[in-house]
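Residue numbers for the sequence shown follow our numbering, beginning at 464 and rising by one.
Have a look at the structure below, then the notes.
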Amino acid sequence: MNKDEKKALISFLSIYIISAIFLIGVILYIYYKNETRMLEETCSMELSNASMHIKTEIMNKYMKKQEFNASKLTKENIKYGLFDKDKNVIFSYLDKDFEIDFSKTTYENEFYNYFITTLDDENIPIRYIVIETCQEVQDKNKLKIFILIILVLSSIFIGCIGYLLAKILLKPVRQRVESMDKFIKDSAHELNTPITVLMTSVSMLKSGKNPQKMMKYILSSSKQISQIYNDIHFSAFNEINEDVFEEFNLKDLVSESTEYFNDISITKNIVIKSTLEDCFIKMDKTKTQKLVNNLISNAIKYSNKDSIVEVSLSNNILNVKDFGIGISSEEQKEIFKRYKRGNNNEGGFGIGLDIVKRICEEYSLLLTLESQMNKKTIFSIDFSSILNKEYIQK
464 MNKDEKKALI SFLSIYIISA IFLIGVILYI YYKNETRMLE ETCSMELSNA
514 SMHIKTEIMN KYMKKQEFNA SKLTKENIKY GLFDKDKNVI FSYLDKDFEI
564 DFSKTTYENE FYNYFITTLD DENIPIRYIV IETCQEVQDK NKLKIFILII
614 LVLSSIFIGC IGYLLAKILL KPVRQRVESM DKFIKDSAHE LNTPITVLMT
664 SVSMLKSGKN PQKMMKYILS SSKQISQIYN DIHFSAFNEI NEDVFEEFNL
714 KDLVSESTEY FNDISITKNI VIKSTLEDCF IKMDKTKTQK LVNNLISNAI
764 KYSNKDSIVE VSLSNNILNV KDFGIGISSE EQKEIFKRYK RGNNNEGGFG
814 IGLDIVKRIC EEYSLLLTLE SQMNKKTIFS IDFSSILNKE YIQK
């Protein structure tokens, strides 16, 4: 992973994780506030009930003139204390480390919740009933720990998911960048051969050595450069170009292409043989030319030296056959993908057959491939679907 990819990954993860954690944090905060409100209400109700119970017991005992036993009025998680009108302790289970604020009915500190009830009977020495509990504080602390654990686990989960998503999203970009890097290197290599031949031929032509042969090499190299440029241009800008439909005889177009590539195939001493029948179609002529040119160019590229390429047009089917290295069954599954080459030792940079496939798909033409390793390869295109009828572009 290069520096730019790491930077993009970190930026994506930062934005994704921070925004996701912020959203979860807001949800957990709302949940915490609701839970604490419910805990406060529950605690307040329990303290109120406990205070009411103690007050009732005190009132009953004094009304019946019975001895009041404060120690019997105990309840789990709830402590209480009884105070006289001067706020002196009569009886207390309360934590002695904290002073009681008798000016409030309910209040809390960092450890306890308090509920204070007043008795107004002058015959009863008890004036204040103070209820103390740590249950709410403990429940709030448990809730905080629970929410913190949820937040940590959610952050880890979100981070893992974010990383996987980032890797998935960056994978096609990385593949695209690698393909473009490979394409640039291959295109430079592909252009180097005809340019070198062209410069050598010009030098030989200046020296007067075999001018006729040198002119053929110059013509061949010029056409190769032109073909490479046209492929690159078509692949890069075809999407913005509109189709221009016209009726024409495919036989004439294929004949022109075979003549054109005869000048290119001379560098490998390859002979192009053609057997053509009339086939009148209606489609974009430029794209048709690309279709035919790339099939013939591909056949020359992967043919052995001193071999032949057979081009035939019969029953509305165009066949381009070469007797070269062949294409394995595994490569046949990938050969039409962009920047995919059949053999890295050969020329080209993998856009020719991609162009062929795209045009065939656009016009619903049947494209087939038959190949035997080190024997032959045949590309066939059936033009019957657009024969003698209007083609309506989708």
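Beta carbons: idealized from backbone N, C-alpha and C, even for Gly.
- Closest in C-alpha terms to residue 717, from the list 732, 739, 730 and 728, comes 739.
- For the pair residue 763 and residue 772, the CB atoms are nearer than the 8 Å cut-off.
- Considering only 731, 603, 837 and 548, the residue with the shortest C-alpha distance to residue 592 is 548.
- CA-to-CA, the gap between residue 509 and residue 476 works out to about 47 Å.
- Under the 10 Å beta carbon count, residue 500 is surrounded by fewer than 16 other beta carbons and is classified as exposed.
- Taking residue 786 as the centre and dropping the five residues before and after it, the same chain places the C-beta of 770 and 839 closer than 6 Å to its C-beta, in chain order.
- For the 8 Å CB-CB criterion, residue 691 and residue 721 do not form a contact.
- Rounded to whole angstroms, residue 634 and residue 472 show a C-alpha spacing of 11 Å.
- With a cut-off of 8 Å on Cβ pairs, the stretch 829 to 847 is not in contact with the stretch 730 to 739, counting fewer than three such pairs.
- As computed with DSSP, residue 839 is found in a beta bridge with 835.
- With the rule of 3 Cβ pairs closer than 8 Å, the stretch 574 to 587 does not count as touching the stretch 488 to 496.
- Relative to residue 719, the option among 748, 554, 562 and 480 whose CA is nearest is 748.
- Cβ atoms of residue 621 and residue 484 come within 8 Å of each other, at about 7 Å.
- The DSSP-derived three-state label of residue 761 is helix.
- A direct Cα-to-Cα measurement between residue 589 and residue 611 gives close to 45 Å.
- Judged by DSSP in its simplified three-state form, residue 747 adopts strand.
- Residues 577 of the same chain have their beta carbon placed closer than 7 Å to that of residue 571, with the five preceding and five following residues left out of the count.
- Within the DSSP secondary-structure output, residue 766 pairs in a beta bridge with 787.
- Counting C-beta atoms within 10 angstroms of its own C-beta, residue 821 has 16 or more neighbours from the protein chains shown and is therefore classed as buried.
- The beta carbon of residue 556 sits closer than 7 Å to those of 542, 543 and 544, all from its chain and outside the five residues before and after it, given in chain order.
- Assignment of residue 562 by DSSP, reduced to helix, strand and coil, places it in the coil class.
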